[in-house]
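In my numbering, the protein residues as written are 7 to 235.
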């Protein structure tokens, strides 16, 4: 209930106006059955634009730290994410991510739509970083379609209270054609296949956004920046 309230009555209409949302390629979204939305991640507000363009309920895999924030704002964010049915995950730990992957498998088995940011976190500089293999691990054994998504413009948006004043969109969301996974049939549990599918996915996302690709995880870049400070 809360999901649809926020999408169509609360947050959604305001976000559509403020972000100047534009969607392209919505004909590529499956009309029924489960599928995975796999997107680049350049701003905190990316999930809003992505989900607003999909007529069905979209469940995002969100960083677990957002569910246990401090203060009133942190607690409200945790409540909001839980209320709209989002899934917590630790992007830096493969073992900690397993429960979230299992939950995502269950949601897909029930015919749901799951959205994942393969980079695991926001890009520190707007470039597209190396993707983690969770999307491939979900899709290959089940044959669930992967729809690449490209988000542009959210990095330039400034919400009320931001430094430098308010800045509206436009924000564009591109939904690409689903990946053809037939070449990896019979390799569902092969880590090399997971990597190949993930690299193809990231290339497709880059084609939608025009981002330069970086063959490192964004967490590696954050570590390099801290070490250089």
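Just so it is clear, CB atoms sit at the ideal spot from N, CA and C, and this is done for glycine as well.
Query	Result
Taking the straight line between their C-alpha atoms, what separation do you get for residue 195 and residue 93?	23 angstroms
Using CA coordinates, which residue listed in 152, 174, 162, 172 is at the minimum distance from residue 210?	152
Give the C-beta separation of residue 44 and residue 163 to the nearest angstrom, bearing in mind that I take them to be a contact with Cβ-Cβ under 8 angstroms.	Rounded, the Cβ-Cβ distance is 22 angstroms, inconsistent with contact.
Using the C-alpha atoms, what's the distance from residue 213 back to residue 192?	28 angstroms
Just how far apart, CA to CA, sit residue 122 and residue 111?	12 angstroms
For residue 47, which residues from the same chain have a beta carbon less than 8 angstroms from its beta carbon, with the 5 sequence-adjacent residues on both sides left out?	123, 125, 127, 128, 129, 157
Whole angstroms are fine: how far does the CA of residue 54 sit from the CA of residue 36?	19 angstroms
Measuring CB to CB, does residue 26 end up less than 8 angstroms from residue 177?	yes
Sort out for me which residues DSSP pairs residue 29 with in a bridge.	179
So, with DSSP's three-state summary, where would you put residue 45?	strand
Using the rule of at least 16 other Cβ atoms within 10 Å of the residue's Cβ for burial, across every protein chain shown, is residue 149 buried or exposed?	exposed
In chain order, what residues of the same chain have a beta carbon less than 6 angstroms from the beta carbon of residue 51, not counting five sequence neighbours either side?	160
So with Cβ pairs under 8 angstroms, would you call residue 53 a contact of chain B?	Of the protein chains in this structure there is only one, and it is not chain B.
Are the Cβ atoms of residue 201 and residue 139 separated by less than 8 angstroms?	yes
Hey, quick one: how far does the beta strand (DSSP E) through residue 158 stretch, first residue to last?	152-158
Flag this pair as yes or no: are the beta carbons of residue 120 and residue 67 separated by less than 8 angstroms?	yes
Would you kindly work out how many angstroms separate the C-alpha atoms of residue 136 and residue 154, rounded to a whole number?	15 angstroms
Rounded to whole angstroms, what is the Cα-Cα separation between residue 225 and residue 190?	28 angstroms
In terms of alpha-carbon separation, which member of 38, 58, 113 lies closest to residue 28?	58
In terms of residue numbering, what span does the alpha helix (DSSP H) encompassing residue 172 cover?	Taken as a continuous stretch (DSSP letters only), residue 172 belongs to no alpha helix (DSSP H), as it is neither H nor E.
Please check the pair residue 145 and residue 187, which I expect to be a contact at CB under 8 angstroms, by giving their CB distance rounded to whole angstroms.	6 angstroms
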